[in-house]
Structure formats: C-alpha cells, structure tokens
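Each step along the sequence shown adds one to the number in the numbering used here, with nothing skipped, and position 470 is 503.
What follows is a single structure, written as structure tokens, with notes after it.
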Amino acid sequence: MDILSRAVRKYSELLAISISSYRDYLSLQRELITAIIGVILSLSLATITTLLLGTIPYSVGLSIALAISGSVLSLHKILARVSRSLEKAKGLSEELPYLVFMASAITRTGLELIEAIHFISTSEAGVFRYFKSLSRRLINASKYIGFEEALDRLAGIPRGVKKTLITYLSSISLGTGIETLNTLGLEMIREASRRASRSIDLAAQIGLVITMVLTTIPILVLGISSILGDHIALSTGIMVSLGTPVAVLLLPQTPLPLRLIISGDKMLRVSLLSVLSIGLIVLAYVSIYLLALSIIQMNIMKSIIIILSIAMIIVGIPWLVIFANYLAGFGRARDILVSISSYAKAYRTLDGLDLDKEAQKVGSYAPWILHYIIFSLVFFREKGGVEPVVITRFSEEIMDVMAKNTNRIVGSLLSLTATLAQPIMLAQIVPMMGSAAHSLGMIVMLLSSVTVSSLIASKIFFGTARNTIIMGMCFLLLYILLLR
C-alpha cells in the first residue's frame, strides 16, 4: 500500500506540473474521464472477443492486443502530459543550480535571486528555457499575493525546486539572505559539476561495455551456429537490432552546460539534416531485415551497404561542421571570461562593455554554457558596479564546468576507437570459422552489431545518434575487409 500511495502521489505531482492554467485544469479532467471510459471499453471488447472466439487459435493473443492497443490509445493524452511533466521537472532541476549561482556571484543584499527571477521573466533570451515560464507565473502572481505565497500556492513546481526557493526566502526573513545565497550558489554549482562528471563517466563506461559485448557476441554465436545451425546467428542478429532503442536510451543525456544549442535561423536546416540522417539509419535497418527474411539477395545487399556507407559519410560531414563550431564555442567562452576579468579589474564595472557584440559572436551552434555566460554578464551589468573578485569567482567555477567537456571528449574516444576497430577485429577473426563466416545469419549478425555500436559511439562522442559518419565508416570497413 505504501508503494501504491507513493506512486499515486508521484503521478498527481506530475499531472500538477503539466497544468498551466484553469482552462488546462478543466481540459485535464475531460482527458481523465475519456481515458477511463476508453480503458473500460478496451478491456470489455477484449473480454467479449475472447468469449466469442473461444478456442480459435491466437484468440487470447488477439484479445490481449486489443486490450493493450485500446488502452494506450485512450491514455495517449495523459501519457503525453506525464512525458511533458517529466521533461519540465528535469529541466527546472537542471537549470536551478546555474540560476542560483548566477545570483549568488553578485550578491550584495541577499535579494539577488528574486531579482534574477525578475530578470529572466522579462528577458528575451532563452537560456533558462524552463524557468522563463515559471518566472513569469511567479512574478505575475506575486503582484497580488506576495512572492513567498505565490511560490507556495502555484501548482506545477517540482518539490526540489520549491524546497530550495523556500529555504532561500526563509533566510531573508531571518536576516541571513546573503550568507545563504552564497552558500547555496557554491554548493549547487559544484554538485551540478560533480553530477556532470558522473554522467560523462557513466556514458563512456556503458558505451565501451556495449561495444565490447557486441564485438564478442558474433564470435560466440558463430561457434554455436556452426553446430546448431545458421538460424541461431540469424535470430541473434535480429534481437540485437531490436535492442537498439534500449541501448541508446541507457546512455545518460549530455549534461546541460555541455549541450548544443542551435539558433532559430538554423533549426530548419538541422531538422532537414536530421530527417535525412534518420532516413538513412532506418534504411539500413530495413535492409538488414529484408536480408534476414531473404527478400533481397546477398549481392544486392552488398551494393546497398556500399551505397549506404558513402551516403552516410557525406551526410555526416555537415554534422562534423556543426560539432566543430560547437567545440569552438568553448574557446570563445574562455576568451570572454578572460577579457571580462581584465575589464572588471580595470574599471570595476561592465557598463561600457559591448555585450551585444559578444552575443553576436556566439554563432549558430554553441554550447549552452556560452549562452549562459553572456546572459549572466548582462545580469551583472544590470546590477551596476562589479568587483573583480566577483568575475574571478564566477570564471573559476564556470571554467571547472567547461573542463568537463574535455573529459567527455577524451573519455568517449575509447568507445569511438573500439567501435571503429570492431569491423577490423571481426574481419580478422570471423573468416577463421570457415564457410559459416559468410552465411546469411552471420552477415545479419555482423551488420546488426556494427549498426548498434555505431549509434552508441555517435551518441557518446557527438551527443546525438543522428550523426551517421561513424556508421558509414564502419559499414565501409566491413565491406572492404569482409564482404567484398
């Protein structure tokens, strides 16, 4: 019962986060009623189907399929709400440390966090994507009932975020706002930095383990299938390919400060590039399944592989350009921090600094942390005089966060190298097994393993599985060394 009550409470919290207005609340009520009716009808239809079909083969399977599909269709709006709520709650929790640190870096009165929330609510910048909406709601409500009461009454605020803000507001009442804000800022930014390190290390380890497993499986399966038959390799290859979504989802998301931010004018171009990349990946999987079903012949599959590999490498080149611009953003961020430190030491203010010009240099493809630095400096300038120690402390902590990207790149190189070496290793070992090495099942197994490993390596190194250049290179190596 305790587990059930916790699950119900968590579900209620997620639905509360999804509500943005009273009209939205009424809409949620209608969606819940529709979902309940839909689930009841689906279960009733499944039961009636079982009773009518009786002992007809597959009647139970058909009934289960009707029940599941009908329930999912009935619940799709609720599930979409829960998904949006999870995303919003995670986004607010990720942004909170950087918001608190920005306010704490320039604290003089202890009210800077409230002022930062005001600043976010009026700013056109989309750095704090999730806090922007929440800030506007808080500011609008605080005009009538006060900030603390607005925070307490408004729905849709994750528990952790609300707890931090209430702790801060309580410290203002006790007269310890400055000390509390300084302590919170340093603790939260350092904890966020530690979480980023753990996430990066975990992704690198998972990627390497998956790649090694996918390199070992074809060798083991080849030995077994030579005794029990080719169907073992064939079924294993299909299962490996079906497990791709799970393997990709196992990888932690890139930490917030290291994520790629694409400017609005480039979104259409990147979206089209993404569609093309995903299309090539899907085509690769479809080709593997068609080969497994013997719908296409081996010689046709070889032609498809060489065409796909070349197309994937060509499509992957624009992704490489985007990634190069993204990496250059970290260099620009360091240059900005150094120049700002020198300026603050000389003038003790940021008033004469052309931050708009610096913002224009950010580029269309830049890490989130670069946008955050510009946004924070604009906030500092709004606050007036800036002591050099403020910029120094801010720069040191941000430099530490940016250093995590170097660790990410270095850590992901091992997984990337292992993935590119996989076709070479397999090409050396597999032919030793004789004629079984070129059987249909074995080719499906090899292609599936290389495909999954490539997607994992792309996700870890580039931050997205849509970059097809690694898969294209692996396919090309496999074709040259083994399939030609």
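Think of the CB as a built atom: it goes at the ideal place given N, C-alpha and C, for glycine as much as any other residue.
Host beta strand (DSSP E) of residue 399 (start-end): Locating residue 399 in the sequence shown gives position 366, counting from the first residue. First-last of the beta strand (DSSP E) with residue 399: 398-400.
Expected contact under 8 Å - CB spacing of residue 167 and residue 125 to nearest Å: Looking up residue 167 in the sequence shown gives position 134. Looking up residue 125 in the sequence shown gives position 92. About 7 Å separates the beta carbons of residue 167 and residue 125, which is inside the 8 Å limit, making them a contact pair.
Whole-Å CB distance - residue 130 paired with residue 224, under 8 Å assumed: Against the sequence shown, residue 130 aligns to sequence position 97. Against the sequence shown, residue 224 aligns to sequence position 191. Contact between residue 130 and residue 224 holds: their C-beta atoms lie close to 7 Å from each other, under 8 Å.
Close Cβ partners of residue 406 (< 8 Å) along its chain, the five nearest in sequence each way excluded: On the sequence shown, residue 406 is found 373 positions in, with the first residue counted as 1. If we look at residue 406 and ignore the five residues flanking it on each side, its Cβ neighbours are 366, 369, 370 and 431.
Of the residues 326, 185 and 221, the one placed nearest residue 138, counting alpha carbons only: Counting from one through the sequence shown, the residue named residue 138 turns up at place 105. When each option's Cα is compared against that of residue 138, the closest is 221.
DSSP-derived helix/strand/coil call for residue 295: Residue mapping note: residue 295 aligns to position 262 of the sequence shown, counting from 1. The answer is strand: DSSP assigns residue 295 an E or B state.
Buried or exposed (CB count within 10 angstroms, at least 16 for buried), residue 493: Along the sequence shown, one-based indexing puts residue 493 at 460. With a threshold of 16 other beta carbon atoms within 10 Å, residue 493 meets it and is buried.
Inter-stretch contact (C-beta, 8 Å, three-pair minimum) for the region 106-115 and the region 59-75: The answer is yes - the region 59-75 touches the region 106-115, with three or more Cβ pairs under 8 Å.
Nearest-angstrom Cβ-Cβ length linking residue 214 and residue 171, presumed shorter than 8 Å: By 1-based counting over the sequence shown, the position of residue 214 is 181. By 1-based counting over the sequence shown, the position of residue 171 is 138. 17 Å between Cβ atoms; not a contact.
Cβ pair residue 421, residue 374 closer than 8 Å: Stepping through the sequence shown from its first residue, residue 421 is reached at position 388. Stepping through the sequence shown from its first residue, residue 374 is reached at position 341. Yes, Cβ-Cβ distance for residue 421 and residue 374 is below 8 Å.
Residue 280 versus residue 136: straight-line alpha-carbon distance, rounded: In the sequence shown, counting from the first residue as 1, residue 280 sits at position 247. In the sequence shown, counting from the first residue as 1, residue 136 sits at position 103. If you draw a straight line from the Cα of residue 280 to the Cα of residue 136, it is about 39 Å long.
For residue 517, the three-state DSSP class (helix, strand or coil): Stepping through the sequence shown from its first residue, residue 517 is reached at position 484. For residue 517, the three-state secondary structure derived from DSSP is coil.
Buried or exposed (CB count within 10 angstroms, at least 16 for buried), residue 117: Taking the sequence shown and counting its residues from 1, the one referred to as residue 117 is at position 84. So residue 117 ends up on the exposed side.
Whole beta strand (DSSP E) elements within the region 441-475, 3-residue minimum: Here no run is fully enclosed.
8 Å Cβ cutoff met for residue 291 and residue 441: For the purposes of this step, residue 291 is identified with residue 258 of the sequence shown, where counting begins at 1. For the purposes of this step, residue 441 is identified with residue 408 of the sequence shown, where counting begins at 1. For the pair residue 291 and residue 441, the CB atoms are nearer than the 8 Å cut-off.
Residues near residue 424 in its chain [Cβ-Cβ closer than 7 Å; skip 5 each side]: Numbered from its first residue, the sequence shown carries residue 424 at position 391. Excluding sequence neighbours, residue 424 sits near 373, 374 and 377.
Residue span of the alpha helix (DSSP H) that contains residue 393, given as start and end: Residue 393 sits at position 360 when you count from the first residue of the sequence shown. Per DSSP, residue 393 belongs to the alpha helix (DSSP H) from 388-393.
Within the region 190-240, ranges of the alpha helix (DSSP H) (whole runs, at least 4 residues): The DSSP assignment places complete alpha helix (DSSP H) segments of no fewer than 4 residues inside the region 190-240 at 192-207, in order along the chain.
C-alpha distance - residue 243 paired with residue 361, whole-angstrom precision: For the purposes of this step, residue 243 is taken as the residue at position 210 of the sequence shown. For the purposes of this step, residue 361 is taken as the residue at position 328 of the sequence shown. Rounded to the nearest angstrom, the gap between the Cα atoms of residue 243 and residue 361 is 30 Å.
Touch test, the region 395-402 against the region 334-352, Cβ-Cβ under 8 Å, three pairs minimum: The region 395-402 vs the region 334-352: no contact.
Proximity of residue 433 and residue 226 at Cβ, strictly below 8 Å: On the sequence shown, residue 433 is found 400 positions in, with the first residue counted as 1. On the sequence shown, residue 226 is found 193 positions in, with the first residue counted as 1. Yes.
Residue 499, DSSP secondary structure in three states: By 1-based counting over the sequence shown, the position of residue 499 is 466. When secondary structure is reduced to three states using DSSP, residue 499 falls in the coil class, being assigned neither helix nor strand.
Exposure label - residue 304; buried when at least 16 CB within 10 Å: Looking up residue 304 in the sequence shown gives position 271. Counting Cβ neighbours within 10 Å, residue 304 comes out exposed, since fewer than 16 surround it.
Residue range of the unbroken alpha helix (DSSP H) whose run includes residue 363: The residue given as residue 363 occupies position 330 in the sequence shown. Residue 363: member of the alpha helix (DSSP H) spanning 331-380, first to last residue.
The region 476-484 touching the region 506-514, judged by at least three CB pairs closer than 8 Å: Cβ pair count under 8 Å is three or more, so yes.
Cβ neighbours of residue 310 in the same chain (closer than 6 Å, five flanking residues each side left out): Numbered from its first residue, the sequence shown carries residue 310 at position 277. Leaving aside the five residues that flank residue 310 on each side, the residues in its chain whose CB is nearer than 6 Å to its CB run, in chain order, 348, 499 and 501.
Nearest residue (CA-CA) to residue 114, options 174, 189 and 235: Translated into positions along the sequence shown, residue 114 becomes position 81. The shortest C-alpha separation from residue 114 is found at 189.
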